[in-house]
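Asker: First to last, the protein sequences are chains A and B. Counting from 1 along the first sequence, just add 9 to a position and that's the residue number in our numbering. Counting from 1 along the second sequence, just add 9 to a position and that's the residue number in our numbering. Structure provided below as structure tokens; questions to follow.
There are 2 protein chains.
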Amino acid sequence: MPELRKDPILGRWVIISVERGKRPTDYGSQVSKRKGGFCSFCIGNEYTTPKEIIAFRPDGSKPNTTGWTLRVVPNKFPALQIEGDLDKIGDGIYDKMNGIGAHEVIIETPSHDLTLSSMSLKAVEDVIWAYYYRIEDLKNDPRFRYVLVFKNEGEAAGASLEHSHSQLIALPVIPREVKAELDGARHYYDYKERCIFCDMIRQEIESKIRVISEEDNFIAISPFAPRAPFETWILPKKHSSAINPKDNFPELSVILQRTLRQLDKTLDTPPYNMMLHTSPFGDEDNEYFHWHMEIMPKLTKIAGFEWGSGFYINPTPPEEAAKFMKGAKI
Amino acid sequence: MPELRKDPILGRWVIISVERGKRPTDYGSQVSKRKGGFCSFCIGNEYTTPKEIIAFRPDGSKPNTTGWTLRVVPNKFPALQIEGDLDKIGDGIYDKMNGIGAHEVIIETPSHDLTLSSMSLKAVEDVIWAYYYRIEDLKNDPRFRYVLVFKNEGEAAGASLEHSHSQLIALPVIPREVKAELDGARHYYDYKERCIFCDMIRQEIESKIRVISEEDNFIAISPFAPRAPFETWILPKKHSSAINPKDNFPELSVILQRTLRQLDKTLDTPPYNMMLHTSPFGDEDNEYFHWHMEIMPKLTKIAGFEWGSGFYINPTPPEEAAKFMKGAKI
């Protein structure tokens with residue numbers, strides 16, 4: 010019998026096909042190989058990107074030259090434009106506003122061949138620091154209410170450039186999916202006076218069946234109602250509403266890299282999306298929301314049922330996924 | 010300057026990239042060709058599918074033999090199972106229930122080479138009647154609260170079999186995306202005492218810029234805030250909360266087939282998803298919701314930004330899409 014499971018935060022249902030339980034190899038190889046060719050993100054090609062916003066330059070080299078270990082640059086083809094006023098406009102029953110926002114690229118390494126799985130731990134930690142610094146800086150722009158940090162790895166997951174990078178988009182509105190999480194968490198808090206994520210973590214640690222790995226301060230789990238097979242969440246164990254160095258970035262880089270290596274090993278270097286969910290600007294310090302990373306390997310297709318219902322069909326139960334990930338020899 | 014547009018029903022924002030406005034040919038060919046090979050849905054192979062639920066047999070032939078023009082059969086690999094009780098179970102903070110539901114396939118034509126674009130109008134109308142009959146029948150099962158009818162055309166849109174077919178899934182819960190539409194429409198009705206879809210249709214007919222085509226009783230439009238380039242909605246012009254023959258199925262088949270031919274011509278036979286949104290069981294006759302079809306060509310990828318935010322980036326403004334569709338020589 011398949012199972013219907015409800016995400017406790019969003020109220021989103023998923024169908025877990027217990028019988029047809031797909032093993033990792035059933036998904037076929039989606040492997041995202043590096044092909045090479047000219048790359049704007051490679052060392053020596055700094056002049057081909059927009060001017061850097063920040064960079065880590067341990068050798069004290071000049072901006073937009075070689076010598077960096079990580080660069081943040083504006084997206085050359087931004088989805089939103091940084092200059093201008095918001096100008097909210099009504100048009101009969103419709104609402105629109107100028108597409109004001111920041112769209113930045115975090116070039117995670119000078120090397121074309123490294124990924125978050127294979128670069129040094131220090132480099133992974135620097136990527137997390139870059140996320141944090143950029144969020145802190147964009148907070149000062151009163152036009153923005155949210156920054157979504159995300160990563161597309163592999164062409165099938167939407168990456169148009171193969172050199173390892175993350176992106177962020179600063180938005181003048183709180184996006185629907187984040188708002189739904191905030192509302193769900195607030196609703197639970199109003200009722201229980203506890204953070205729903207904290208309760209979830211406590212239950213997961215007790216039951217163990219969906220825990221993939223732990224550090225002192227972080228946990229990686231297969232969520233109870235995952236949209237996608239092998240979806241994995243990383244959360245700080247202690248309550249923390251917005252991403253913050255006090256949560257321990259060195260440990261976060263350890264668990265993030267381990268999780269990605271486990272995915273690579275289990276699913277033959279799958280394309281994936283990573284999303285960082287943190288509290289919105291102006292509400293960073295609250296008791297109801299708990300920041301976290303969501304990692305979704307791209308193994309299944311979104312089709313009419315998913316579009317029309319917001320339901321997801323997941324052929325690998327998360328308990329199975331956690332077992333495979335834990336067993337991966339990395 | 011890009012534009013941020015809000016879907017008035019869902020409050021879902023999309024980014025319309027006005028400058029980078031992509032023309033149809035910029036999306037490349039995704040053409041979904043018929044390859045042939047053994048097909049369970051072809052005439053003569055009736056014995057290879059589960060037993061038919063209903064079929065149209067103008068020659069009075071026997072069930073599960075040749076002679077049919079349309080068949081509805083249970084999905085051989087159902088996402089949900091028809092037999093059993095719901096059994097809602099709590100597990101700490103989590104909720105689950107047995108995966109009870111109906112998963113049926115509407116085989117639209119005996120011919121492997123025809124599609125909704127190329128079959129006869131009578132055959133298209135029969136497909137719509139089949140949707141209607143199945144919804145009406147499943148309504149009698151007290152375990153179900155909603156039936157989602159949908160269609161995946163082309164492999165990239167999630168179709169695993171190429172022979173033209175639609176599907177339906179009957180669910181014991183109202184799915185999230187439908188609930189969000191119902192809530193948005195109810196909210197508007199509480200405030201204005203008018204159906205938001207009726208207001209939208211009135212505004213679209215006045216402004217003309219997003220109207221693709223009209224019949225006396227139906228309209229096809231590019232919605233104001235489309236998730237995907239060339240997304241198209243078909244709605245009855247007069248208020249109607251649930252799909253009903255009184256809305257005029259012959260006209261619906263005309264506008265549906267014309268729309269699909271316009272898409273085929275404009276985008277070189279793209280893969281697409283179609284979803285039917287109608288009022289849930291027990292609330293079929295209401296003043297706030299308006300049933301409709303949503304058609305989404307599969308031209309862009311869902312990546313980290315979309316997963317993490319629920320925002321969509323659409324590189325073709327709907328006004329442009331409507332112009333291309335209207336200009337298609339079909």
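The C-beta atom is built at its ideal place from N, Cα and C for all residues, glycine as well. All values derive from a computational prediction rather than experimental measurement.
In terms of residues, what are the limits of the beta strand (DSSP E) holding P83 of chain B?
Answerer: As a first step, residue 83 of chain B must be located in the second sequence, where it is residue number 74. Start and end: L79 to P83.
Asker: Scan the stretch 104-136 of chain A for residues whose Cβ lies nearer than 7 angstroms to a Cβ of chain B and list them as they occur along the chain.
Answerer: Of all residues in the stretch 104-136 of chain A, D104, K105, M106, N107 and G108 have a Cβ within less than 7 angstroms of some Cβ in chain B.
Asker: CA-CA distance, T58 of chain B and G93 of chain A?
Answerer: Here residue 58 of chain B corresponds to residue number 49 of the second sequence, with the count starting at 1. Here residue 93 of chain A corresponds to residue number 84 of the first sequence, with the count starting at 1. The straight-line gap from Cα to Cα measures roughly 59 angstroms.
Asker: Quick one, are the C-beta atoms of R154 of chain A and P289 of chain A less than 9 angstroms apart?
Answerer: The sequence position of residue 154 of chain A within the first sequence is 145, counting from 1. The sequence position of residue 289 of chain A within the first sequence is 280, counting from 1. Yes, the pair counts as a contact, with Cβ atoms nearer than the cut-off.
Asker: Between A166 of chain A and A312 of chain B, how many whole angstroms is the CB-CB distance? I'm expecting something under 8 angstroms.
Answerer: Numbered from its first residue, the first sequence carries residue 166 of chain A at position 157. Numbered from its first residue, the second sequence carries residue 312 of chain B at position 303. Contact holds; Cβ gap of about 6 angstroms.
Asker: Three or more beta-carbon pairs under 8 angstroms between the stretch 174-181 of chain B and the stretch 304-320 of chain B, yes or no?
Answerer: As far as the Cβ criterion goes, the stretch 174-181 of chain B does not touch the stretch 304-320 of chain B, which means the pair count is below three.
Asker: Determine, for P151 of chain A, whether the minimum Cβ-Cβ distance to residues of chain B falls below 9 angstroms.
Answerer: One-based indexing of the first sequence puts residue 151 of chain A at position 142. No, its Cβ sits nowhere closer than 9 angstroms to a Cβ of chain B.
Asker: How many angstroms separate the CA atom of R66 of chain A from the CA atom of T275 of chain B?
Answerer: Counted from its first residue, the first sequence places residue 66 of chain A at position 57. Counted from its first residue, the second sequence places residue 275 of chain B at position 266. C-alpha separation (whole angstroms): 50 angstroms.
Asker: Is any beta-carbon of chain A found at less than 9 angstroms from that of H286 of chain B?
Answerer: Within the second sequence, the letter at position 277 stands for residue 286 of chain B. Answer yes: the Cβ-Cβ gap between H286 of chain B and chain A drops below 9 angstroms somewhere.
Asker: Which one of A:I252, A:R267 and A:M283 has the shortest CA to CA distance from D292 of chain A?
Answerer: Here residue 292 of chain A is taken as the residue at index 283 of the first sequence, counted from 1. Of the listed residues, the one whose Cα sits closest to D292 of chain A is A:I252.
Asker: Is the Cβ of L147 of chain A closer than 9 angstroms to any Cβ of chain B?
Answerer: Here residue 147 of chain A refers to the residue found at position 138 of the first sequence. Output row for L147 of chain A: interface = no.
Asker: Suppose contacts are defined by Cβ-Cβ distances below 9 angstroms. Is Q90 of chain B in contact with I109 of chain B by that definition?
Answerer: Position 81 of the second sequence, counting from 1, holds the residue named residue 90 of chain B. Position 100 of the second sequence, counting from 1, holds the residue named residue 109 of chain B. Yes. Within cutoff.
Asker: Against chain A, with Cβ distances strictly below 9 angstroms, would Q266 of chain B count as a contact?
Answerer: As a first step, residue 266 of chain B is located in the second sequence; it is residue number 257 there, counting from the start. So, not an interface residue.
Asker: Relative to the C-alpha of F239 of chain A, which candidate in A:F258, A:R219 and A:S250 has its C-alpha closest?
Answerer: Along the first sequence, one-based indexing puts residue 239 of chain A at 230. For F239 of chain A, the nearest C-alpha among the options comes from A:R219.
Asker: When you compare only the Cα positions, how much space is there between I102 of chain B and R211 of chain A?
Answerer: For the purposes of this step, residue 102 of chain B is taken as the residue at position 93 of the second sequence. For the purposes of this step, residue 211 of chain A is taken as the residue at position 202 of the first sequence. Computed Cα separation, rounded: 10 angstroms.
Asker: I'd like to know whether the C-beta of S208 of chain B is nearer than 9 angstroms to at least one C-beta of chain A.
Answerer: On the second sequence, position 199 is the one that residue 208 of chain B refers to. The question names Ser, but residue 208 of chain B is Asp in the sequence shown. Judged by the 9 angstroms Cβ criterion, D208 of chain B is in contact with chain A.
Asker: Could you say if the stretch 326-338 of chain A and the stretch 221-237 of chain B meet the contact criterion of at least three C-beta pairs nearer than 8 angstroms?
Answerer: The stretch 326-338 of chain A, when compared against the stretch 221-237 of chain B, does not touch it at the 8 angstroms Cβ threshold.
Asker: Leaving aside the five residues before and after Y56 of chain A along the sequence, list all residues of the same chain whose C-beta is less than 8 angstroms from its C-beta, in chain order.
Answerer: If you number the first sequence from 1, residue 56 of chain A lands on position 47. N73, listed in sequence order.
Asker: From what residue to what residue does the alpha helix (DSSP H) around I205 of chain B run?
Answerer: Residue numbering aside, residue 205 of chain B sits at position 196 when the second sequence is read from its first letter. Residues I205 to S216.
Asker: Are the beta-carbon atoms belonging to E162 of chain A and T124 of chain A less than 9 angstroms from one another?
Answerer: Position 153 of the first sequence, counted from the start, is the residue given in the question as residue 162 of chain A. Position 115 of the first sequence, counted from the start, is the residue given in the question as residue 124 of chain A. Contact: yes.
Asker: Between S249 of chain B and Y297 of chain B, what straight-line distance do the alpha-carbon atoms span, to the nearest angstrom?
Answerer: For this step, residue 249 of chain B is matched to residue 240 along the second sequence. For this step, residue 297 of chain B is matched to residue 288 along the second sequence. Rounded to whole angstroms, S249 of chain B to Y297 of chain B spans 9 angstroms at the Cα level.
Asker: CA-CA distance, L170 of chain A and K31 of chain B?
Answerer: Stepping through the first sequence from its first residue, residue 170 of chain A is reached at position 161. Stepping through the second sequence from its first residue, residue 31 of chain B is reached at position 22. Each residue's alpha carbon lies about 20 angstroms from the other.
Asker: When the cut-off is 9 angstroms and only beta carbons count, does M10 of chain B lie next to chain A?
Answerer: In the second sequence, counting from the first residue as 1, residue 10 of chain B sits at position 1. True, the Cβ-Cβ gap to chain A drops below 9 angstroms.
Asker: Where does I137 of chain B fall in DSSP's three states?
Answerer: For this step, residue 137 of chain B is matched to residue 128 along the second sequence. Note: I137 of chain B maps to helix in three-state DSSP.
Asker: Taking C-alpha atoms, which residue in B:D100, B:K148, B:D35 and B:A331 lies nearest to E215 of chain A?
Answerer: Taking the first residue of the first sequence as 1, we reach residue 215 of chain A at position 206. Residue B:D100 is the option with its Cα nearest to E215 of chain A.
Asker: Run through DSSP, which three-state label would E19 of chain B get?
Answerer: Counting from one through the second sequence, the residue named residue 19 of chain B turns up at place 10. Sequence check: residue 19 of chain B is Leu here, not Glu. DSSP places L19 of chain B in coil when its eight states are reduced to three.
Asker: Mind reading off the beta-carbon distance from E260 of chain B to F227 of chain B? Whole number of angstroms is fine, and I expect it under 8 angstroms.
Answerer: What you label residue 260 of chain B is simply residue 251 of the second sequence in a count that begins at 1. What you label residue 227 of chain B is simply residue 218 of the second sequence in a count that begins at 1. E260 of chain B to F227 of chain B, Cβ: 6 angstroms. Contact.
Asker: Is the Cβ of R21 of chain B closer than 9 angstroms to any Cβ of chain A?
Answerer: Numbered from 1 along the second sequence, position 12 holds the residue referred to as residue 21 of chain B. With 9 angstroms as the cut-off, R21 of chain B counts as an interface residue toward chain A.
Asker: Whose CA, out of A:V81, A:F86 and A:N107, lies closest to the CA of D96 of chain A?
Answerer: To locate residue 96 of chain A, count along the first sequence from 1; it is residue 87. Of the listed residues, the one whose Cα sits closest to D96 of chain A is A:N107.
Asker: Using beta carbons (cut-off 9 angstroms, strictly below), is Q271 of chain A in contact with chain C?
Answerer: In the structure shown, chain C cannot be found, because the protein chains are A and B.
Asker: What's the call for T241 of chain A, buried or exposed, on a 16-neighbour Cβ count within 10 Å?
Answerer: As a working mapping, residue 241 of chain A is identified with position 232 in the first sequence. Buried is the call here.
Asker: With a cut-off of 9 angstroms, does the C-beta of A234 of chain A fall near any C-beta of chain B?
Answerer: One-based indexing of the first sequence puts residue 234 of chain A at position 225. Taking Cβ atoms only, chain B reaches closer than 9 angstroms to A234 of chain A, which makes this a yes.
Asker: Considering M222 of chain A, what are the terminal residues of the alpha helix (DSSP H) in which it resides?
Answerer: In the first sequence, residue 222 of chain A corresponds to position 213, counting from 1. For the record, residue 222 of chain A in the displayed sequence is Ser; it is not Met. Premise fails: S222 of chain A lies in the beta strand (DSSP E), V220 to E223, not in any alpha helix (DSSP H).
Asker: In angstroms, rounded to a whole number, what distance separates the CA positions of K335 of chain B and E223 of chain B?
Answerer: Walking along the second sequence from the start, residue 335 of chain B turns up at place 326. Walking along the second sequence from the start, residue 223 of chain B turns up at place 214. The alpha-carbon atoms of K335 of chain B and E223 of chain B are separated by roughly 11 angstroms.
Asker: Is the CB-CB distance between L265 of chain B and Y281 of chain B below 9 angstroms?
Answerer: Taking the second sequence and counting its residues from 1, the one referred to as residue 265 of chain B is at position 256. Taking the second sequence and counting its residues from 1, the one referred to as residue 281 of chain B is at position 272. No, the pair does not count as a contact, with Cβ atoms beyond the cut-off.
Asker: Looking only at C-alpha atoms, which of A:P279, A:A132 and A:H299 sits nearest to T34 of chain A?
Answerer: As a working note, residue 34 of chain A is residue 25 in the first sequence. When each option's Cα is compared against that of T34 of chain A, the closest is A:P279.
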